[in-house]
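Structure first, then comments.
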Amino acid sequence: MTAHIASLPADRASPALDTRIVLEVEGLSLSLRNADGLLPIVTDVSFAIRQGEAVALVGESGCGKSITASAIMGIAPDNAEIGGTITLNGQAISGLSPRARRKLCGRHMGFIFQEPMTALHPTLSIGRQMTDTLRHNLGLSHAEATSRAAQLLDRVGIPRARDILKGYVHELSGGMRQRVMIALAISCGPSLVIADEPTTALDVTIQAQVLDLLDDMRRELDLAMLFITHDLEVVGDFCDRAVVMYAGDVVERGLSADIVRSPAHPYARGLIDAVPDHDDGRTRLTPILGTVPPVGQWPPGCRFAPRCNRVDAQCRTRPALELHGSTEARCWHPLEPSA
Amino acid sequence: MLRYLGKRFLLILPTIFVPLILVFLLLRLSPGDPAGMMLGDQATAEQIAALRSQLGLDQPIWIQFLLWLKGIVTLDLGNSIFFREPVMQIIPRYAGVTILLTLVALTLAVIIGITLGLVTAMNRNKPIDRGVVTTAVLGISLPEFWFALLLIFIFAVTLRWFPVAGYNPPSAGIVAFGATIFLPALALGVRQSALMTRMMRSSMLDVLNEPYITTARAQGLPESTVIGRYAMRTAAMPVVTVAGLSAGYMLGGAVAIEIIFALPGLGRMLVEAVGRRDYPLVEGGVLTISLVLAVLNLAIDVIYAILDPRIRYQ
Amino acid sequence: MTSEPMLAVSGLSKSFKAVKAVRDVTFSIPRGKTFGLVGESGSGKSTTARLVLRLVEPTDGTIRFRGRDLAGLSPGDLRRERRHMQMIFQDPFGSLNPRMSIRDTLTEPQLVHGIGSPAEHLRTAERLLAEISMPRTALDRYPHEFSGGQRQRIAIARALSTNPELIVADEPVSALDVSVQAQVLNLLRDLQDKHGTTMLFISHDLRVVQFMCDEIAVMYLGEIVEQGPREHIYGAPAHPYTQALLASAPGKGAGKRARLKGEIPSAHAVPSGCAFRTRCPSAFERCAIEKPLMRDIGNGQKAACHLLDEAKAA
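Protein chains in written order, with full-length UniProt numbering: chain A, 1 to 339; chain E, 1 to 314; chain R, 1 to 314.
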């Protein structure tokens, strides 16, 4: 069941290897049905997250990372056709009815969005949004839900929690909004929290605070965390393992420290090299040429091939995700691991 | 909140006075002289002049206007030239019907609009959606009087469910009142309900794409709560805004409806008073309609502020 | 060639009603160099950019551009001066007119500023397309046919079309994906080297600013708190805010470094004394009472912090 994790060399194991698996995604695919037929968005995504472990889903816009998260939550668009299996706490949930899936949300899975300003209701009070969730999922009374909501806000570092409960999202600063979002996501004691670019919309100093808070929550509550981001540097700092996606595909998978230090896939390498380096002066950046192919226009074989500088005839056939050095990569010509 | 309402009230004042000034001027600029009409063909020029000076019509227009404004403040709108009794006594006899007609029509339009808008948005591109949307386009393009005649033909003449015309006040019992007000109100509300259906549909479709709806779902809230509480609350706001405009259209449209259904309302009274050049009564009627519209719009502002906390603090 | 800087801003301030968005900003950019303004939201960096271009009228201060005081220019002179200063905006979707072909987009600024003949306009457009590595066929296409990175390259070409001496780039790569961001940054630097353009570069991203700029000013709540050559700002930051900003950037490991507490105060209520003191880990009594002045700390580096005085006195 956990072949891809077991296949990692023992000394490179995740710190959380001995805990139980909370989420397992196996061969997940997602297509959108439209007038012209089925449009593949995500193909063959597999990974697992253990209790207390943070796994990053990394990629640029349009790579399919956010829709993968929505498929896991069971909130993918109505016209989505989803294949593969999703297992949560040992229960296969991918075959469940939408109603049964909805019941897992909040109670077993929490969700944190990128832009808390729009992810929180504009005209319902913070307290109302939190108590609605607590009362529905945990069957609490209004008074119990209110006091629990205040405790939660307190826990995520919001001062004057009782006052904030009466307030609305537009009255809060960006950092406070995201703290409310985090409180909401963990409110019903989920075992898995999915955070979709949770700090992208925030200022640098606030970003650091929120990342620290997420990290604390994960440790204190022993959460399995799926961290969706485009920023490989954040991945290196906060995630145990990483799954790099490109054009709907998993192109590299492994310990995040390994991927950041010595990626095997040219795309992962490209992502790292494209970021201006802290310690470098006026040298040129190494961009990835061209742009991500739009959905529906993926090349056959390796989808990164048209932008890759290691491409050859073999890349016209689709490579498998295989172990190269310390990480797994979907590439015919992976990079040599650096010392 | 009080400050917000105070501000809204100040903004409403011009909507009361601008129509008044226009009507005042138009009446006096249009041909036809009340004194001549009252005295008939046989009157001499001296008699007409005497009556004109008695009615104050020989004064400059701006003096007449100031006198009339003074009358508003002292709650004395003068006497009807035709009925020869105070306007303040005539208006209430007619205003109740029009206000009730507009309120019932507005309520019907909002209920129909929000319900159909919700149903179509939830069944987007399915037959029921297409059917309702097509009908709504038809509804917007048909004039009220045509729809009124259609309703009379179907429900009053053919099915005999409702009386063809006439009016029972609420004091006659809710059933008797309802029977005479339902068809006129429906006829008056149908265009606006079609407008509100389309508005509600598109606003609901927008709201369903909002991230906070996804959040509500991701929190495990049942779909009934997500739609009924989280989506409706924001989606209904444009409809509430439109309801204020609709009330204005309806007060205007009431004229035709009152005539078709023989309702003793302000609209009919006004048409007759204009025909008789009964200046004080026309001005009193327009003032009443402006006031009703202002109060309705203020009520809508209150509802809006309750629905959207962001407004309250601005 | 004079040694006078291309742009010299002195004591620049801007208040919007009670909000002091920019306070006493002073810097200069030598010909051909890139000056970076870095800060978080509310720091006043974007307002400063608009002030420099006189898109917003300053409340106080002087802007000397090419040796002339922009404030003293007549509207006509200012318009003529604008061909020498162009702007690149953050949003490549909003900043290009969707109804203008790329040909029109690239020739219009030349037309507006009366540079050369139509044939020359087209030649310039073609040359610029080549410089941003786009085929000539792009001329007859429209912005929506291009990706975000391509649009931003077109926006750069448009900015260069009047052959300006100063380009103000406001968060030019913030809306782009990392791999595309690198392409655009490289392009900006190549073009700058080629044309010798002076640049005012605004970004919240420390990595991007470090890559692009020769000299950097760090802004906090409308003021410059530290300023100096790139290598010193990044190598030996003197102001606690600069230090915290650098420490907060990702890629430094998840260890518990000193984090700034709280958030940027509202510009409506700027703290007394040093604006940063409410979040400063080393704030002491004096910081609330007395506003720290910008002081020279050698190597062309300047910072406004009382700690620097204390260190010197000790």
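We put the beta carbon where it would ideally sit given N, CA and C, even for glycine. This structure is a prediction, so every number in the text was calculated from the model and none was measured.
Exercise. Pick from A:326, A:117, A:331, A:312: whose alpha carbon is nearest that of residue 320 of chain A?
Worked result: One-based indexing of the first sequence puts residue 320 of chain A at position 320. It is A:331.
Exercise. In its own chain, which residues sit with a C-beta less than 6 Å from the C-beta of residue 180 of chain A, not counting the 5 before and 5 after it?
Worked result: Against the first sequence, residue 180 of chain A aligns to sequence position 180. If we look at residue 180 of chain A and ignore the five residues flanking it on each side, its Cβ neighbours are 126.
Exercise. Just how far apart, CA to CA, sit residue 131 of chain R and residue 191 of chain R?
Worked result: Here residue 131 of chain R is taken as the residue at index 131 of the third sequence, counted from 1. Here residue 191 of chain R is taken as the residue at index 191 of the third sequence, counted from 1. Distance between the alpha carbons of residue 131 of chain R and residue 191 of chain R: 8 Å.
Problem set entry | N- and C-terminal bounds of the beta strand (DSSP E) containing residue 265 of chain R | As a first step, residue 265 of chain R must be located in the third sequence, where it is residue number 265. That residue, residue 265 of chain R, is in no beta strand (DSSP E); it is neither H nor E in DSSP.
Problem set entry | Assigned secondary structure, residue 216 of chain E (DSSP; H/G/I helix, E/B strand, else coil) | As a position in the second sequence, residue 216 of chain E is number 216, starting the count at 1. Helix, per DSSP.
Exercise. Alpha carbon to alpha carbon, what distance is there between residue 53 of chain A and residue 2 of chain A?
Worked result: Locating residue 2 of chain A in the first sequence gives position 2, counting from the first residue. Locating residue 53 of chain A in the first sequence gives position 53, counting from the first residue. Note that residue 2 of chain A scores a pLDDT of 38, beneath 50, so its modelled location is shaky; the value from the coordinates is reported in the next line. Computed Cα separation, rounded: 15 Å.
Exercise. Between residue 291 of chain R and the rest of its own chain, which residues show a CB-CB distance below 7 Å, the 5 nearest in sequence each way excluded?
Worked result: Here residue 291 of chain R refers to the residue found at position 291 of the third sequence. So the qualifying residues of the chain are 273, 274.
Exercise. Are the C-beta of residue 287 of chain A and some C-beta of chain R separated by less than 8 Å?
Worked result: As a working mapping, residue 287 of chain A is identified with position 287 in the first sequence. Cβ-Cβ to chain R under 8 Å: yes for residue 287 of chain A.
Problem set entry | CB contact below 8 Å: residue 174 of chain R versus chain A | Taking the first residue of the third sequence as 1, we reach residue 174 of chain R at position 174. No, no contact with chain A.
Exercise. Are the C-beta of residue 230 of chain A and some C-beta of chain R separated by less than 8 Å?
Worked result: The sequence position of residue 230 of chain A within the first sequence is 230, counting from 1. Closer than 8 Å to some Cβ of chain R, the Cβ of residue 230 of chain A qualifies, so yes.
Problem set entry | Residue of E:48, E:141, E:306, E:223 minimising C-alpha distance to residue 34 of chain E | Along the second sequence, one-based indexing puts residue 34 of chain E at 34. Looking at the Cα atoms, E:48 is the closest of the given residues.
Problem set entry | Cβ separation of residue 38 of chain E and residue 81 of chain E, assumed to be a contact under 8 Å, to the nearest whole Å | Here residue 38 of chain E is taken as the residue at index 38 of the second sequence, counted from 1. Here residue 81 of chain E is taken as the residue at index 81 of the second sequence, counted from 1. About 6 Å separates the two Cβ atoms, so the contact holds.
Exercise. For residue 147 of chain A, which three-state DSSP category applies?
Worked result: By one-based count along the first sequence, residue 147 of chain A stands at place 147. Looking at residue 147 of chain A - three-state DSSP - the assignment turns out to be helix.
Exercise. Span of the beta strand (DSSP E) holding residue 122 of chain E?
Worked result: Your numbering for residue 122 of chain E matches position 122 in the second sequence. It is not in any beta strand (DSSP E) - residue 122 of chain E instead sits in the alpha helix (DSSP H) that spans 87-122.
Problem set entry | Sequence-distant residues of the same chain with beta carbon closer than 7 Å to residue 8 of chain E, five excluded per side | Start at 1 with the first residue of the second sequence, and residue 8 of chain E comes out as number 8. Excluding sequence neighbours, residue 8 of chain E sits near 298, 301.
Problem set entry | Members of the stretch 262-280 of chain A that neighbour chain R once the beta carbon cut-off is set at 7 Å | Along the stretch 262-280 of chain A, going in chain order, the ones with a CB nearer than 7 Å to a CB of chain R are 270, 271, 274, 275, 276, 278.
Problem set entry | Within-8 Å CB hit, residue 267 of chain R to chain A | The residue labelled residue 267 of chain R in the question sits at position 267 within the third sequence. Chain A, which has no Cβ nearer than 8 Å to the Cβ of residue 267 of chain R, makes this no.
Exercise. Quick one: is residue 1 of chain E buried, meaning 16 or more other Cβ sit within 10 Å of its Cβ, or exposed?
Worked result: The residue you call residue 1 of chain E lines up with position 1 of the second sequence. By the 10 Å Cβ count, residue 1 of chain E comes out exposed.
Problem set entry | For residue 244 of chain E and residue 15 of chain E, the rounded distance between their alpha carbons | In the second sequence, residue 15 of chain E corresponds to position 15, counting from 1. In the second sequence, residue 244 of chain E corresponds to position 244, counting from 1. In a straight line, the C-alpha of residue 15 of chain E is about 12 Å away from that of residue 244 of chain E.
Exercise. Counting contacts by CB-CB distance shorter than 8 Å, is residue 244 of chain R in contact with chain A?
Worked result: Along the third sequence, read from residue 1 onward, the residue named residue 244 of chain R stands at position 244. Chain A contact via Cβ: present.
Exercise. Taking only beta-carbon atoms, is residue 291 of chain A less than 8 Å away from chain R?
Worked result: For the purposes of this step, residue 291 of chain A is identified with residue 291 of the first sequence, where counting begins at 1. With a threshold of 8 Å between beta carbons, residue 291 of chain A makes contact with chain R.
For this session: Could you check which residue in E:28, E:71, E:199, E:221 has the C-alpha nearest to that of residue 58 of chain E?
Result: Position 58 of the second sequence holds residue 58 of chain E. Sorting E:28, E:71, E:199, E:221 by C-alpha distance to the C-alpha of residue 58 of chain E places E:28 at the top.
For this session: Identify each residue in the stretch 239-257 of chain E for which the Cβ-Cβ distance to at least one residue of chain A is less than 8 Å, and report them in chain order.
Result: For the stretch 239-257 of chain E, which is checked against every Cβ of chain A, not one residue is closer than 8 Å.
Problem set entry | Coil, strand or helix - residue 6 of chain A by DSSP | Here residue 6 of chain A is taken as the residue at index 6 of the first sequence, counted from 1. Low local confidence applies: a pLDDT of 39 at residue 6 of chain A is under 50, so the model's placement there is unreliable, with the coordinate-based value given in what follows. The answer is helix: DSSP assigns residue 6 of chain A an H, G or I state.
For this session: Could you work out which residues of chain E lie near residue 75 of chain A, taking near to mean beta carbons separated by less than 8 Å?
Result: The sequence position of residue 75 of chain A within the first sequence is 75, counting from 1. Those are 214, 217, 218, listed as they occur along chain E.
Problem set entry | Where residue 60 of chain E sits in the DSSP three-state scheme | For the purposes of this step, residue 60 of chain E is identified with residue 60 of the second sequence, where counting begins at 1. Of the three classes helix, strand and coil, the one that applies to residue 60 of chain E here is coil, per DSSP.
Problem set entry | Per-residue contacts from residue 132 of chain A into chain E (C-beta, under 9 Å) | Looking up residue 132 of chain A in the first sequence gives position 132. In chain order: 216, 219, 221, 225, 229, 230.
For this session: Indicate whether the contact test is met: 3 or more Cβ pairs, each with one atom in the stretch 196-209 of chain R and one in the stretch 43-54 of chain R, closer than 8 Å.
Result: They touch, by the three-pair rule.
Problem set entry | Sequence-distant residues of its chain with Cβ nearer than 8 Å to residue 298 of chain A (five each side left out) | Taking the first residue of the first sequence as position 1, residue 298 of chain A is located at position 298. The residues are 40, 247, 248.
Exercise. Residue 68 of chain E: buried (16+ other C-beta within 10 angstroms of its C-beta) or exposed?
Worked result: One-based indexing of the second sequence puts residue 68 of chain E at position 68. That one is buried.
Exercise. Would you say residue 206 of chain A faces chain R, with C-beta separation under 8 Å as the test?
Worked result: By 1-based counting over the first sequence, the position of residue 206 of chain A is 206. By this cut-off, residue 206 of chain A is an interface position.
For this session: State the DSSP-derived secondary structure class of residue 71 of chain R, mapped to helix, strand or coil.
Result: On the third sequence, position 71 is the one that residue 71 of chain R refers to. Residue 71 of chain R falls in the helix class under three-state DSSP.
For this session: Look at the alpha carbon of residue 40 of chain R and the alpha carbon of residue 310 of chain E, and state the distance between them as a whole number of angstroms.
Result: Working through the third sequence from its first residue, we reach residue 40 of chain R at position 40. Working through the second sequence from its first residue, we reach residue 310 of chain E at position 310. Each residue's alpha carbon lies about 26 Å from the other.
Problem set entry | In DSSP terms, what residue 40 of chain A is bridged to | Locating residue 40 of chain A in the first sequence gives position 40, where the first residue counts as 1. According to DSSP, which records beta bridges pairwise, residue 40 of chain A is partnered with A:31.
Exercise. Cα separation between residue 55 of chain E and residue 62 of chain E?
Worked result: Indexing the second sequence from 1 puts residue 55 of chain E at position 55. Indexing the second sequence from 1 puts residue 62 of chain E at position 62. Approximately 15 Å between the Cα atoms of the pair.
For this session: Return the bridge partner residues of residue 315 of chain R from the DSSP annotation.
Result: In the structure as shown, chain R starts at 1 and stops at 314, and residue 315 of chain R therefore has no counterpart that could be examined.
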